[in-house]
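Scroll down for the structure; my scribbles are underneath it.
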Amino acid sequence: MEKDQAKPPAMDPISAHFPSNNGSFRLFRDSQNSDGGWGFIAGDESRVESTCWVVKALTAIAGAKRGDEDTVRRGLDFLTKAQLPDGSWPAVPETKTGCWVTSLACWVLAGLQDEKYAKAIDTGLRWVCDDWPQDSSWWRRTVRKLSSAGKAGKQNDAARGWGWTPATSSWVEPTAFALLALEWHPRASSVTAFQREAERRRKLGEALLYNRMCPGGGWNCGSPEDYGVPGEPMVIPTTWALLSLRHNPERRENKESLDWLENNFSKIQGAASYASARICLEVYGREREIQTAMAYDPEEPASNLLVAAWMSLAGSGPREWVTAGRKS
Amino acid sequence: MDEFGGKWPAGMGNCGQEVVSTMRNRALIPWFQRPASKVLIRRAANYEQELETLIYESLVEFALPVKDKVVLLKPNFVGPDPGGIRNTHPAVIGATRASFLRLGASHVWIGDGPALDRDTEAILESIRLRDFVGPLARTFVDLNLDEVERVPLATKASRLKELYFPKTVLGADLVVSMPKLKTHHWAGVTLSLKNMFGTVPGSCYGWPKNVLHWAGIDNAILDINAAVRPDFAIVDGIMGMEGNGPIQGTPKACGALIFGDDPVAVDATCCRLMGLLPEKVKYLAAAGTMLGHIRVDRIQQVGESVAALRTRFSVIREFDAIRDAA
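For the record, the sequence lines run as chains A and B.
With the numbering used here applied, the first sequence covers 38 to 365.
With the numbering used here applied, the second sequence covers 519 to 844.
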């Protein structure tokens, strides 16, 4: 895949607590590939996930689009072309099988509130709703009960979310992004069978997230207990789970998990965790509690375009971009 | 001219320059046609002692062809670990990196793709890796986010027909698996072969890489190792983990570093050090038929003897059968 430039863009030190959005947007512009997408690292081959996050950052922040219309348009072209005939999106463009990034792509496109993408979102979400995890099938539940895997942890197998890849197990992050994407409602005057199915999946997915919460609050990838030992929460799964469950702010689980996040905020050591935690706490109105800021050095290896996008979103103002789109 | 002679390895920051992609597709040789493997055990009491000389001298014994080659060190990073009990210790990684550079390697990458936590930066910060290896920007590669290449799986031990692997792994001249000496609640032990799960990119398969579990962990270990073919193994057994590993287990000191150019033989020897039976570890028994040696009579064991450093590691009840009662 050809790159726009043979040399990488000189990354501005996106210094101090938040990158200046001007600096981030110049980074995004300069690192866009000729196919319109972005890799995780500037100059790498385009991927759906990294492109989704850069487009989200470029379109979600007030005033960001000014001067970046062409960059955004090319990014959206990459995303729409990457969609597979069955409506899903693959992690790597050459792959013919979709995965969890389908929810992410739908969520990003839905946030644009542009009718032009309604069909792409609709087919994407239908694929999402057709994708059932296999760990909670009748056969698998029976096998689990009889095998040592059943002793690994207590979980409600009736709750069903989404996996990272089709027909595997439910995990916290893919379930959270599916729930965020399924907030989108097509412009239809009557409730369709698909909408009823989407609502059913949303309820099952929410139940799964609450069931997989770690004792005392917070989420890890999806193992609240490990052979009798309580699972340790992690920041990123906790933030996306909380954001997808933000309509239930008074639930005990939400409050416990927010407390866990807030109590651990000052111990965060990575920019990705920092950015996502900051977004989450602010959505829940806890921004005044936040005293810590994090230096972010884009020259470091974990600093990539996904992290730069999250940091841009964390440094932005209002959080309307979390919502996938209009209510019908 | 930079330290790569203007030709950067694939992966982080290759920046559109020529990608080295040698593909690690060496033929599999049946065990009975392979020469005996050499495994070296060295005593190392703690991480504060001088490790570089010990590791350098150990590597010299293997006469590895690393002059002007690109080396990838693949440690085991499972999560934030301020106590230094879960991950390969950065002192071992730093000393190994310095040793390979001293042996003439053109560049030594450190790379891993943690399975559960996508915030790799947080893991690196928690173990203070940069204090041991210097700035990470042109040293560490997050294999979860690297550029990838699709590789058909020749062994087909699992149901997987192909997997994506990071170009940094496929392009390295020498891949060194650097696990910590740990028991594992699903596989029995996690050593240099299981450690290669971390070469499968999370950006393709998620956190965790659940598709590998569905394919069968034991068989996926075989497929991955047959595809990547790690060239060398250095096991951090100074402080290991027993019981409910690889995360929730209990620290267990063993005081050893284990080296070898046959990761299967290294893992088998590690099992014996841990008081476990390698023939009873399902994936290791299978690996002994296609990837390397597990039989004592096919392993030339040098340095400290197994008996001198044997430390019995506990395993969860489901793996009682792999304990060596002798």
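Don't be surprised by glycine CBs; every beta carbon is placed ideally from N, CA and C.
In this structure, does DSSP put residue i in helix, strand or coil?
i	result
Gln818/B	strand
Trp277/A	helix
Arg656/B	coil
Met250/A	coil
Glu680/B	strand
Ile611/B	helix
Val72/A	In the sequence under discussion, the amino acid at residue 72/A is Asp, which differs from the Val named in the question. In the structure shown, Asp72/A sits in coil (DSSP, three-state: anything other than H, G, I, E or B).
Val718/B	coil
Ser313/A	helix
Gly161/A	helix
Gly629/B	strand
Phe777/B	strand
Pro527/B	With a pLDDT of only 36 at Pro527/B, under 50, the local geometry of the prediction cannot be trusted, and no value is derived from it.
Leu241/A	helix
Pro267/A	strand
Pro130/A	coil
Ile559/B	strand
Arg63/A	helix
Val320/A	helix
Val824/B	helix
Pro32/A	Past the edges of chain A, shown from 38 to 365, lies residue 32/A, and the structure says nothing about it.
Val651/B	helix
Arg835/B	helix
Taking only beta-carbon positions, decide if residue i is within less than 8 Å of chain B.
i	result
Tyr264/A	yes
Cys258/A	yes
Phe77/A	yes
Arg315/A	no
Trp370/A	Residue 370/A lies beyond the stretch modelled for chain A, which goes from 38 to 365, so this question has no answer here.
Glu82/A	yes
Thr88/A	no
Thr134/A	no
Trp297/A	no
Gln150/A	no
Gln69/A	no
Gly200/A	yes
Ala341/A	Going by the sequence as given, residue 341/A is Asn instead of Ala. Yes, Asn341/A lies at the interface with chain B (some Cβ there is under 8 Å from its Cβ).
Gly307/A	yes
Would you decide whether residue i is buried or exposed? Buried here means 16 or more other CB atoms lie within 10 Å of its CB.
i	result
Gly253/A	exposed
Gln819/B	buried
Asp168/A	buried
Thr551/B	According to the sequence provided, residue 551/B is Gln. The question's Thr does not apply to it. Classification for Gln551/B: exposed.
Glu220/A	buried
Ser823/B	exposed
Asn285/A	exposed
Asp815/B	exposed
Ala204/A	exposed
Glu652/B	According to the sequence shown, residue 652/B is Gly rather than Glu. It is exposed - the Cβ of Gly652/B has fewer than 16 other Cβ atoms within 10 Å.
Gln27/A	The structure shown has nothing for residue 27/A, since chain A only spans 38 to 365.
Thr134/A	exposed
Thr571/B	exposed
Val833/B	buried
Gln567/B	exposed
Ile756/B	buried
Arg646/B	exposed
Any C-beta of chain A sitting closer than 8 Å to the C-beta of residue i?
i	result
Tyr723/B	yes
His607/B	no
Arg552/B	no
Ser644/B	yes
Tyr801/B	no
Ala745/B	no
Leu740/B	no
His702/B	no
Thr540/B	In this prediction, Thr540/B scores a pLDDT of 46, lower than 50, which makes its location untrustworthy; the coordinate-derived value is nonetheless stated afterwards. Closer than 8 Å: no.
Asp842/B	no
**Q.** Touching by the beta-carbon criterion (3+ pairs, under 8 Å), the stretch 740-750 of chain B and the stretch 690-702 of chain B
**A.** yes
Q) Going along the chain, which unbroken runs of the beta strand (DSSP E) with 3 or more residues stay wholly within the stretch 741-774 of chain B? A) Runs of the beta strand (DSSP E) inside the stretch 741-774 of chain B: 750-760.
Q.
Measuring CB atoms only, is the stretch 677-684 of chain B touching the stretch 699-716 of chain B, in the sense that at least three cross pairs come out at less than 8 Å?
A. Too few Cβ pairs lie closer than 8 Å, so no.
Q | Runs of alpha helix (DSSP H) wholly within the stretch 87-122 of chain A (minimum 4 residues, chain order) | A | 106-119
Q) Any contact of the stretch 304-311 of chain A with the stretch 628-642 of chain B, i.e. 3+ C-beta pairs under 8 Å? A) yes
**Q.** the stretch 609-621 of chain B contacting the stretch 580-593 of chain B, beta-carbon criterion three pairs below 8 Å
**A.** yes
Q) Touching or not, the stretch 768-784 of chain B and the stretch 271-279 of chain A, by the rule of three or more beta carbon pairs under 8 Å? A) no
Q.
Counting beta carbon pairs with one atom in the stretch 343-353 of chain A and one in the stretch 668-679 of chain B, are three or more of them shorter than 8 Å?
A. no
Q: Spell out a yes or no on whether the stretch 724-732 of chain B and the stretch 556-564 of chain B are touching, meaning 3 or more CB-CB pairs, one atom from each, closer than 8 Å.
A: no
(Q) Whether or not the stretch 120-128 of chain A and the stretch 74-82 of chain A are in contact is what I'm after, with contact meaning three or more pairs of Cβ atoms, one per stretch, closer than 8 Å; do they touch? (A) no
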